[in-house]
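Numbering of the sequence shown is given in our numbering, commencing with residue 1 and proceeding in unit increments. Shown next, in structure tokens, is the structure this report addresses.
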Amino acid sequence: MATTQLNQIRVFLWKIIKGALPIGANLEARGLTANTKCVFCGLQETLDHLFISCQFATSVWEAAPFSNVQATLETTNFTSALQASRKLVNLPPTGVHLISLFPWIVWTIWLTRNQRIFQNREFDGSATLTKAITGAREWQQAQQEVHRAIELQTDPEIQPTSTIIINTDAAWKEKTKTAGIAWIFYDVNGKPFRQGSGTEEWVSSPIMAEALAIREALLQAQGHGHINIAIRSDAQILIRAINGRDQIKGIYGILQDIHNLTCYLSTSVFSFISRKDNVAADNLAKKAMLNFFNCM
Ligand SMILES: [Zn+2]
């Protein structure tokens, strides 16, 4: 359920970027003039107004548990706020430390706005923020439940600042649109010390599966406090996209997550590895997918 909600948020953010959200200013541009005023304050409802500069939006952002929320509040422009949000670090005790709360807050402001218009129900800034944090937390817990990590050894030589290498891979089944994903952590000497795998549903392509494997590897690395990471994948197109050379349709949201997660790191390197050098991760991903079907 929480995963479905995350997909809704992705579609929603995509609509924002495309100017396809049915807010007042967009409707007016299409010749529809009814209800173009902000439901919270009566000013013209634009993207920048509704999510950033409206007094209601400000009350939500000001209460948000970010370490440098000022960057978001200083701008009145949605796009620059979105860019600034990549640098926001969520503070305890929200229990949400893996993914930026930014999209959840924007999404919940949108829900609060719709509930006022269509259901005549009113929620204040603090209730809106609480809903956003709850949603992000539920999603994070759901992620942790579907992914299993195994400690291979506890190596006292591996410090959080040590550089680690992570091989990732994914297996994908077109018929069911499911994927098995896997990651293996190696020390600088090439010795594996941690590995894990999991399954993902609603995966529309093999490249998306590979991207999900990388995103999960980053989340796992972050969870263990690693800050110097070299990630390897046998999906060459994906590595090129992450390194900023190509675009890939349909995985914008995941690439964005990967980008956001690298903001927490001191160094992050993404490189290509041949399939024959990635057999261990490949086997792990295939096994995860088989286990998933055996459990159904
Ligand atoms: Zn307003």
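Each residue gets a CB set at the ideal place from its N, CA and C atoms; glycine is no exception. The model shown is predicted, which means the values in this text are computed figures rather than measured ones.
For the alpha helix (DSSP H) containing residue i, name the first residue and the last one.
i: Asp257; result: Tyr252 to Thr262
i: Trp297; result: Only positions 1 to 296 of the chain appear in this structure, which leaves residue 297 out of reach.
i: Glu62; result: Gln55 to Ala63
i: Pro206; result: Pro206 to Gly223
i: Gln83; result: Phe78 to Ser85
i: Ala241; result: Gln236 to Ile242
How many angstroms separate the CA atom of residue i from the CA atom of residue j?
i: Leu21; j: Gln222; result: 34 Å
i: Val106; j: Asp169; result: 32 Å
i: Val279; j: Thr163; result: 22 Å
i: Asn167; j: Asn228; result: 14 Å
i: Arg113; j: Thr130; result: 15 Å
i: Lys37; j: His49; result: 10 Å
i: Asp187; j: Asp277; result: 16 Å
i: Lys18; j: Ala25; result: 14 Å
i: Leu82; j: Phe102; result: 8 Å
i: His226; j: Arg137; result: 22 Å
i: Lys286; j: Val11; result: 29 Å
i: Phe56; j: Lys191; result: 53 Å
i: Asn243; j: Cys263; result: 14 Å
With 8 Å set as the bound, which would you pick, yes or no: does the beta-carbon of residue i sit closer than that to a beta-carbon of chain B?
i: Gly223; result: No chain B is part of this structure, which consists of one protein chain only.
Would the beta-carbon of residue i fall within 8 Å of that of residue j?
i: Phe51; j: Ile109; result: yes
i: Thr75; j: Ala64; result: no
i: Phe185; j: Ser233; result: no
i: Ala314; j: Leu212; result: Since the first residue of the chain shown is 1 and the last is 296, residue 314 is not available in this structure.
i: Ser197; j: Ala182; result: yes
i: Met289; j: Lys173; result: yes
i: Ile251; j: Ile231; result: no
i: Ser80; j: Gly125; result: no
i: Ile23; j: Leu43; result: no
So does residue i have its beta carbon nearer than 7 Å to some heavy atom of ligand 1?
i: Leu290; result: no
i: His259; result: no
i: Phe66; result: no
i: Phe78; result: no
i: Phe56; result: yes
i: His49; result: yes
i: Phe40; result: yes
i: Leu43; result: yes
Taking the beta strand (DSSP E) that residue i belongs to, which residues open and close that run?
i: Ser271; result: Thr267 to Phe272
i: Gly308; result: Any property of residue 308 remains undetermined from this structure, which presents the chain solely from 1 to 296.
i: Phe193; result: Pro192 to Glu200
i: Ala179; result: Thr178 to Tyr186
i: Arg232; result: Asn228 to Ser233
i: Asn278; result: Neither: Asn278 is in no beta strand (DSSP E) and is coded neither H nor E.
i: Asn167; result: Thr163 to Lys173
Handout entry: Segment contact flag, the segment 225-239 with the segment 193-205, C-beta cutoff 8 Å, min 3 pairs
Key = no
Practice task
Could you say if the segment 212-219 and the segment 258-271 meet the contact criterion of at least three C-beta pairs nearer than 8 Å?
Solution key: yes
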